[in-house]
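The opening position of the sequence shown corresponds to residue 23 in the working numbering, with each subsequent residue numbered one higher.
Even for Gly, the Cβ is constructed at its ideal location relative to N, Cα and C.
Written out below as structure tokens is the structure these notes cover.
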Amino acid sequence: MNYADLCANIQDICENTFTADQLAMFTQQAEQKIFNTVQLPSLRKNVSGVLTSGNKYLSAPLDFLSAFSLAVIDPATDTYTYLLNKDVNFIREAYPLPSSTGAPKYYAIFGPRSDAPTELSFIVGPTPNKVYNAELHYYFYPESIVTAGDTWLGDNFDSALLNGALVEAIRFMKGEADMVKLYSDMYMQAITLLKNLGDGKLRQD
């Protein structure tokens, strides 16, 4: 189901005409709920970076939401070492001096980036003793179907997207409680099936 079909279905089922902005809002709110309920492979991304000698900070990507893993790679041996996720306080206490250097073992979400105050950065411990490559696997929001036209969710599990948008639409219309419950129940049924796919069939230990 592409975005044009989704909008037409929302209006047909609700028997109401919505503005383009309203339809976009219903859809994006539904996407946000779905993306925070089910861990789909299409919500994962990886990126490479560099940890420089003597610098314990690493910038997060602009679309970063949360980390799945952070690894450092010794360029001399091409060996991957996956860092353990800790709190900033742990790293500060374990490695209080920036001069305490070595191969990084831990990382934490540190806070806003210096070049982008609304974005995040990482701190590692101990401070890198040399240059290391870094590989981050992280969670992000993919482009919305509103702007993309077609997405993985719309192509592969449109029932979750449609029913999620209908829940938002019926609430916006201040619909009767029984109709709100009907759409909510249909949405939950679709989400249950999607979780079986995303958390089971598409991801194995």
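First and last residue of the alpha helix (DSSP H) that includes residue i?
i   : result
N38 : Looking at the DSSP string, N38 is not in any alpha helix (DSSP H), and its letter there is neither H nor E.
N68 : Where N68 is concerned, there is no enclosing alpha helix (DSSP H), although the beta strand (DSSP E) it sits in stretches over R66 to L73.
Q50 : A42 to F57
Please return the same chain residues whose Cβ sits closer than 6 Å to the Cβ of residue i, not counting the five positions on each side in sequence.
i    : result
I167 : Y25, T173 and G176
A187 : I32, F48, T49 and A52
I192 : M201, V202 and Y205
Y236 : Outside the shown range of the chain (23 to 227) lies residue 236, about which nothing can therefore be said.
I95  : Y102 and N155
A130 : K108, D109, V110, I113 and I145
Return yes when the Cβ of residue j is within less than 7 Å of the Cβ of residue i, no when it is not.
i    : j    : result
P83  : N155 : no
L158 : L92  : yes
K230 : S75  : Residue 230 is absent from the structure shown; the chain starts at 23 and stops at 227.
K217 : V110 : no
F144 : L80  : yes
F86  : Y160 : yes
P148 : S122 : yes
Rounded to a whole number of angstroms, what is the C-alpha to C-alpha distance between residue i and residue j?
i    : j    : result
F162 : L62  : 11 Å
A182 : I213 : 6 Å
D227 : K127 : The pLDDT assigned to D227 is 46, lower than 50, so where the model puts this residue is not dependable, and the model offers no usable value.
V69  : G124 : 23 Å
V72  : D43  : 41 Å
R114 : I56  : 36 Å
N107 : S88  : 11 Å
F132 : N178 : 37 Å
N189 : K67  : Checking the sequence shown, residue 189 turns out to be Val, not Asn. Rounded to the nearest angstrom, the two C-alpha atoms are 29 Å apart.
Q211 : E165 : 25 Å
A30  : L215 : 24 Å
D180 : A138 : 35 Å
Keeping to the same chain, check which residues put their C-beta closer than 7 Å to that of residue i; ignore five residues upstream and five downstream.
i    : result
G171 : N24 and Y25
A116 : G147
Excluding the five sequence neighbours on either side, which residues of its own chain have a C-beta within less than 8 Å of the C-beta of residue i, listed in chain order?
i    : result
L224 : Legend: pLDDT at L224 = 48, less than 50; position of this residue unreliable, no value from coordinates given.
R135 : S81, A82, E141, L142 and S143
Where in the segment 167-216 do unbroken runs of the alpha helix (DSSP H), each at least 4 residues long, occur, reported from the N-terminal end onward?
167-170, 174-178 and 180-194
Any chance you could list the beta strand (DSSP E) runs of at least 3 consecutive residues sitting entirely within the segment 82-166, in chain order?
Counting only runs of 3 or more, we get 88-96, 101-104, 128-134, 142-147 and 154-161.
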